[in-house]
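Residue numbers (this note's numbering): 65 to 291.
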């Protein structure tokens, strides 16, 4: 049975990933709040990855870093601190986790790392300057480490569009906004956390053994198509 470290698994996409992985793997969740799940295969550590030391862990076959932010403001209202905060959550937190658990991953067979970007890193969207900058950093990290860690450790990222989570609740707060976001996507839908968790489960597994350094767009067509 594999052991997967999930950072930020108490809510949203991270929580959907935990639920998926618990069916066949041991999961070590690290987050500021504990998930509601109570399972024999689940271990939880309370920790703010940006401020506290990460816990010592004996073994790990995979690492999934889920924390993110949606800080949408016009550039005139974004402070330098906004950019720093988004970069710390999205990029430096991931770097900290990778550096901490890299020795654990190197000691297992077919280890994998999964990070998260956003469609806004490729599709120019108003008010996304800070988060798009940070997630572009995540994508650069994936590309660089994919080369550096090959062939021992694979690393990939998922770049989702709007996903129905608490983090995106401001974007989906009424029926009109839901309708507008649905219509903007060529597939006439946006994501639910379980869809993203399915992709995460695949990318952390041996089924994706030939994939590394890739950014997987889960975009419901919004980046890929002009219809």
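Yeah, the Cβ is synthetic: ideal placement off N, Cα and C, and Gly gets one too.
Contact belief for residue i with residue j at Cβ below 8 angstroms, rounded distance in angstroms
i           : j           : result
residue 230 : residue 76  : 6 angstroms
residue 225 : residue 283 : 5 angstroms
residue 191 : residue 136 : 4 angstroms
residue 199 : residue 185 : 4 angstroms
residue 162 : residue 118 : Residue 162 to residue 118, Cβ: 11 angstroms. No contact.
residue 139 : residue 193 : 5 angstroms
residue 270 : residue 174 : 5 angstroms
residue 124 : residue 168 : 4 angstroms
For residue i, the first and last residue of its enclosing beta strand (DSSP E)
i           : result
residue 90  : 90-95
residue 126 : 126-129
residue 147 : Element bounds for residue 147: not the beta strand (DSSP E) but the alpha helix (DSSP H), 144-151.
residue 216 : Taken as a continuous stretch (DSSP letters only), residue 216 belongs to no beta strand (DSSP E), as it is neither H nor E.
Within 7 angstroms, strictly: CB atoms of residue i and residue j
i           : j           : result
residue 182 : residue 223 : yes
residue 178 : residue 267 : yes
residue 210 : residue 276 : yes
residue 91  : residue 121 : no
residue 93  : residue 108 : yes
residue 154 : residue 132 : yes
residue 218 : residue 176 : yes
residue 113 : residue 71  : yes
residue 59  : residue 238 : Summary: the structure shown does not reach residue 59, with the chain confined to residues 65 through 291, and so no result is reported for it.
residue 66  : residue 95  : no
With 16 other Cβ atoms within 10 Å as the buried cut-off, status of residue i
i           : result
residue 265 : buried
residue 280 : buried
residue 79  : buried
residue 254 : buried
residue 84  : buried
residue 286 : buried
residue 241 : exposed
residue 244 : exposed
residue 263 : buried
residue 220 : buried
residue 116 : exposed
residue 203 : buried
residue 273 : exposed
DSSP beta-bridge partners of residue i
i           : result
residue 255 : 227
residue 281 : 223
residue 179 : 221
residue 70  : 93, 128
Extent of the continuous alpha helix (DSSP H) run through residue i
i           : result
residue 104 : Run containing residue 104: none; DSSP gives neither H nor E here.
residue 242 : 239-248
residue 168 : 157-170
residue 77  : 76-85
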